[in-house]
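Comments concern the structure below.
Numbering (this note's numbering), first residue to last: 25 to 248.
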């Protein structure tokens with residue numbers, strides 16, 4: 025489902041387009057001094073999937089919030105138009121690269137958009153969840169918070185079973201609390217049994233277990 029972005033991504037209808045709207049002219053305007061011109065160019069380039077790399081590059085240097093919003097909207101448009109296309113793959117790869125950006129704004133926008141691209145993101149998640157950088161592993165779990173993919177519980181379960189970094193485990197427990205399914209219960213119980221588990225994680229794990237449905241045999245057991 026397409027993301028609903030703020031109205032700042034929509035240029036004022038009174039702003040005039042002065043140059044031809046072909047991709048070559050729009051790419052020139054993408055470097056214009058005036059932010060409204062860059063914003064219109066960024067918006068219109070959503071109809072030119074071959075410019076995806078240029079839109080991604082522009083994000084790295086753009087300092088105007090409304091232009092950044094327009095860039096992300098066009099990248100979203102390109103990625104959703106043909107999910108299996110080369111242009112969509114370029115957008116996905118570029119957004120994943122932004123997870124390593126020093127800009128929290130770019131990282132958060134990239135995560136937001138990646139959450140809407142389950143088909144494109146799925147092939148990258150195994151690698152992201154095993155990345156050497158713990159922050160990247162946490163960002164991958166942030167993507168899973170709202171990724172509409174049937175394998176999401178399995179990815180979270182694997183992290184619960186294999187991860188050693190406390191902050192990453194904390195993010196995985198958070199995801200389990202939000203998205204918990206019965207298949208996660210054994211992993212959470214195993215985590216809870218670890219003698220070295222920090223107190224705050226032990227508490228969070230208990231909360232996750234309490235919010236899950238009990239095992240089927242417990243449901244069927246007589247009460248009294």
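Backbone N, C-alpha and C define an ideal beta-carbon position, used for all residues, glycine too. Just so it is clear, the structure is predicted and the values come from calculations on it, not from any experiment.
request  = Consult DSSP for residue 87 and reduce its assignment to one of helix, strand or coil.
outcome  = On the chain shown, residue 87 is found 63 positions in, with the first residue counted as 1. Coil.
task = Work out the CA separation of residue 50 and residue 191 for me, nearest whole Å.
result = Here residue 191 refers to the residue found at position 167 of the chain shown. Here residue 50 refers to the residue found at position 26 of the chain shown. Cα-Cα distance, rounded: 43 Å.
key: residue 145 versus residue 153: straight-line alpha-carbon distance, rounded   = Position 121 of the chain shown, counted from the first residue, corresponds to residue 145. Position 129 of the chain shown, counted from the first residue, corresponds to residue 153. Roughly 12 Å separates the two Cα atoms.
query = Would you call the CB atoms of residue 54 and residue 63 closer than 7 Å?
reply = For this step, residue 54 is matched to residue 30 along the chain shown. For this step, residue 63 is matched to residue 39 along the chain shown. Residue 54 places its beta carbon 7 Å or farther from that of residue 63.
request  = Can you grab the Cα-Cα spacing for the pair residue 149 / residue 134, in whole Å?
outcome  = As a working note, residue 149 is residue 125 in the chain shown. As a working note, residue 134 is residue 110 in the chain shown. A direct Cα-Cα distance of roughly 14 Å separates residue 149 from residue 134.
message = Let me confirm a value: residue 91 is counted as buried when at least 16 other C-beta atoms fall within 10 Å, else exposed. Which label applies?
response = As a first step, residue 91 must be located in the chain shown, where it is residue number 67. Its Cβ being crowded by 16 or more others within 10 Å, residue 91 is buried.
query = If you drop the 5 nearest sequence neighbours on each side, which residues of the same chain put their C-beta closer than 7 Å to that of residue 45?
reply = In the chain shown, counting from the first residue as 1, residue 45 sits at position 21. Correct list, in chain order: 68.
Simplified DSSP state of residue 157, which is helix, strand or coil = Reading the chain shown from its first residue, position 133 is the one you call residue 157. In this structure, DSSP gives residue 157 a state outside helix and strand, which the three-state scheme calls coil.
task = State the Cα-Cα distance for the pair residue 109 and residue 102, rounded to the nearest angstrom.
result = By one-based count along the chain shown, residue 109 stands at place 85. By one-based count along the chain shown, residue 102 stands at place 78. Straight-line spacing of the CA atoms in residue 109 and residue 102 works out to 9 Å.
key: As assigned by DSSP and simplified to three states, the class of residue 208   = Numbered from its first residue, the chain shown carries residue 208 at position 184. Reduced to three states, the DSSP call for residue 208 is helix.
request  = Using the Cα positions of residue 226 and residue 57, report the straight-line distance between them to the nearest angstrom.
outcome  = For the purposes of this step, residue 226 is taken as the residue at position 202 of the chain shown. For the purposes of this step, residue 57 is taken as the residue at position 33 of the chain shown. Approximately 53 Å between the Cα atoms of the pair.
request  = Pick helix, strand or coil for residue 221, following the three-state DSSP scheme.
outcome  = Numbered from 1 along the chain shown, position 197 holds the residue referred to as residue 221. The DSSP-derived three-state label of residue 221 is coil.
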